[in-house]
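All remarks here apply to the structure that follows.
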Amino acid sequence: MGYFVMDNLSADVLINYTYEGQSKGDSNEENSLSALGIGIGGRYFYPMAPGKIYGGLDFLYNTNSWKVSDYDGGCNAMYLGLKAGYVLPIVENVYVDFGLRYQMGLGDYGGDDYEHALDEYKENEESTFGFNLGLQIFFSNDFFISLLE
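To convert, take the position in the sequence shown, counting from 1, and add 2; that gives our numbering.
This is how it looks when you write it as structure tokens:
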């Protein structure tokens, strides 16, 4: 979600959830990974009819948990993201977002699984590059004023 703090500049709240699961045939063994990320960011939009192109920066705190065979584990991590894309309006204040994203790890991994790990395994050197397709909702000042009345 985003809020335009001034023309073409939005402050964003980021929430993402990922779950991956796998079972192995007739056995009761299941493997899974889940991740919840919460963050803040900002984007600058440049009008290009009928939508807008954008570039932005964000900070994300992620907590992960996994189960592999009989082992349960998890970690926490922080990321800095760079993004660019194009938003296409579908109705007022709602857009389809076509974007590219680069995300790089910051600092060390945290959590019980990394408490006693060697320093070389604690460093969050993870980086990802991806294509995103999503829905963007931007709230206007009128929306917040109507909530307060």
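Positions of the beta carbon are idealized from the N, C-alpha and C atoms, including for glycine.
Near N13, which residues of its chain fall below 6 Å by C-beta distance, leaving aside the five closest residues on each side in sequence?
According to the sequence provided, residue 13 is Ala. The question's Asn does not apply to it. Here the set comprises Y5, V7 and G44.
Starting from N64, follow the beta strand (DSSP E) in both directions and report where the run begins and ends.
G53 to V70
Just verifying my parser: in three-state terms, what is the DSSP assignment at K85?
strand
Out of curiosity, what's the CA-to-CA distance linking K124 and N64?
15 Å
Using CA atoms only, rank isn't needed, just tell me which of G75, G41 and F133 is closest to N66.
G75
Between the CA atoms of D72 and F133 - distance to the nearest angstrom
34 Å
What is the C-beta distance between G53 and Y88, in whole angstroms, given that I count them as a contact (C-beta under 8 Å)?
6 Å
For K85, count neighbouring C-beta atoms within 10 Å of its own C-beta (all shown protein chains included) and say buried if the count is 16 or more, exposed if not.
buried
Exposure label - A79; buried when at least 16 CB within 10 Å:
buried
Residues of its chain near Y19, where Cβ-Cβ distance is below 8 Å and the 5 sequence neighbours each way are ignored
S36, A37, L38 and G39
Have a look at G101 and N33 and give me their C-alpha separation to the nearest angstrom.
30 Å
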